[in-house]
Amino acid sequence: MIKKILLLTIAAVSFVACSKSDKDAPVDNGNRGNDKLLGTWVGTYDIIAEKPEQQVRLVELLKAQHNLMERTFNINSEFKKTRAVFSNNNNGNYSFKYFDETGKIEYGGINYTIKENKMIDIETNNPASTYLFDGDNKLSAEMLDYFLFTIDTENSSKELSAEIKKLNLDITKPTDIQKISELTTIFQQKHTLKYKLKWHLVRQ
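Read in order, the letters of the sequence shown are residues 2 to 205 in this note's numbering.
Spelled out as structure tokens, the structure:
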């Protein structure tokens, strides 16, 4: 069952395989104090569920996805360890990307500007994360909202199957197919687990 879950959930998680090269190195042109962020950082991240009662299940699902990622891309990467790169786009804006600990799998990131201690997403013009330095070489950052999500397909599928049986729906009938599609959406939404990340980083 878990294999089936992983095959379904990986489609909902964006993994970008990449190889490190010189073009990944950030350019520090000395612009203001914001450039203190520039560079490569390594460390760990916390996973914080929007609903505390979902925390254990959420971590279980994300760890399973991480293990699948390791096998898919043939890498050795510890769960919840990360590499983060802050770069200067040379247009007054900045780029933040975070990866698995090897730096080969990109999890996500944003283009941003800085306002006080917040990273402002250029696309939405909304604050995305806060950050705080501890000296020059330690950094913590935390998403300001629960921007990320995964779907608990195992429990969603169980409830869907039970409902199909309860309603005696027939997958060969067009009217029932439409009803099953509607139920699928309902149960997937019910079992969508939203979360955010908090990073604990040191300068590399």
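Yeah, the Cβ is synthetic: ideal placement off N, Cα and C, and Gly gets one too.
inquiry  = Give the list of continuous beta strand (DSSP E) stretches no shorter than 3 residues that lie fully inside the segment 57–116.
reply    = 82–89, 95–101, 106–116
task = Indicate whether the contact test is met: 3 or more Cβ pairs, each with one atom in the segment 150–161 and one in the segment 193–203, closer than 8 Å.
result = yes
ask   = According to DSSP, is D171 helix, strand or coil?
value = coil
L198, enclosing beta strand (DSSP E) - first and last residue = 193–204
message = If you reduce the DSSP assignment to three classes, tell me which class S166 lands in.
response = With the sequence shown as reference, residue 166 is identified as Lys, and Ser is not the correct amino acid for it. Three-state DSSP puts K166 in a helix.
query = Can you give the Cα-Cα distance for E160 and I187, rounded to whole angstroms?
reply = 10 Å
ask   = Where do the ends of the beta strand (DSSP E) carrying G44 lie?
value = 40–50
message = Suppose you measure from the CA of I106 to the CA of T83; what does that come to, to the nearest Å?
response = 10 Å
task = Work out the CA separation of I111 and T176 for me, nearest whole Å.
result = 43 Å
inquiry  = Below 8 Å, how does it come out for the segment 37–47 and the segment 129–145: are there three or more Cβ pairs, yes or no?
reply    = yes
Closest residue to A65 among F80, I165, I123 (Cα-Cα distance) = F80
query = Once you ignore the five residues that flank D47 on each side, which residues in its own chain have a CB closer than 6 Å to its CB?
reply = K199
task = Give a yes or no on whether the C-beta atoms belonging to K139 and V60 are separated by under 8 Å.
result = no
Boundaries (first-last residue) of the beta strand (DSSP E) holding Y147 = It is not in any beta strand (DSSP E) - Y147 carries neither H nor E in the DSSP assignment.
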